[in-house]
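*Asks:* Heads up: the sequence shown begins at 1 in UniProt numbering, then just goes up one per residue. All C-beta atoms in this analysis are idealised placements derived from N, C-alpha and C, irrespective of residue type, glycine included. Fair warning: this is a prediction, and the values are worked out from it, not measured in the lab.
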Amino acid sequence: MSNLNRFLGGSPGSVLAKLIFLSLLVGAFLAFLDITPLGLIEGLFNWIASVLDLSFETVQEVGLWILYGAVIVVPLWLISRLFGSRR
Numbered sequence: 001m002s003n004l005n006r007f008l009g010g011s012p013g014s015v016l017a018k019l020i021f022l023s024l025l026v027g028a029f030l031a032f033l034d035i036t037p038l039g040l041i042e043g044l045f046n047w048i049a050s051v052l053d054l055s056f057e058t059v060q061e062v063g064l065w066i067l068y069g070a071v072i073v074v075p076l077w078l079i080s081r082l083f084g085s086r087r
């Protein structure tokens, strides 16, 4: 298997077909909810602005939540990468 196929997780054509299909499903779902990409970007910037407006203690608490989660997530991710199926 070539490095490109290994990186993509399959042949470029099949990966492209899967990505197009998933994009169609996600796009239809977002259209159903009346969510636009620009609205998502604006929402992200508004969220970042509100986080920056919070007190330092709240931001510090969110940082601790990230660290607490990382204690579980990172080792599980590493184990899955080390012992995952090799093609």
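(1) Please report how far the alpha carbon of I41 lies from the alpha carbon of G27, in whole angstroms.
(2) Keeping to the same chain, check which residues put their C-beta closer than 7 Å to that of G63; ignore five residues upstream and five downstream.
(3) Tell me, to the nearest whole angstrom, how far the beta carbon of L8 is from that of V15; I am working on the premise that it is less than 8 Å.
(4) Roughly how far, in whole angstroms, is the beta-carbon of V71 from the beta-carbon of V59, given that I think they are within contact range, below 8 Å?
(5) Express the C-alpha separation of P12 and S80 in angstroms, rounding to a whole number.
(6) For L54, which three-state DSSP category applies?
(7) Let's see if you can read the secondary structure: which residues bound the alpha helix (DSSP H) around S23?
*Replies:* This is what the structure gives:
(1) 15 Å
(2) none
(3) 5 Å
(4) Wrong, their Cβ atoms sit about 19 Å apart, outside the cutoff.
(5) 24 Å
(6) coil
(7) 12 to 32
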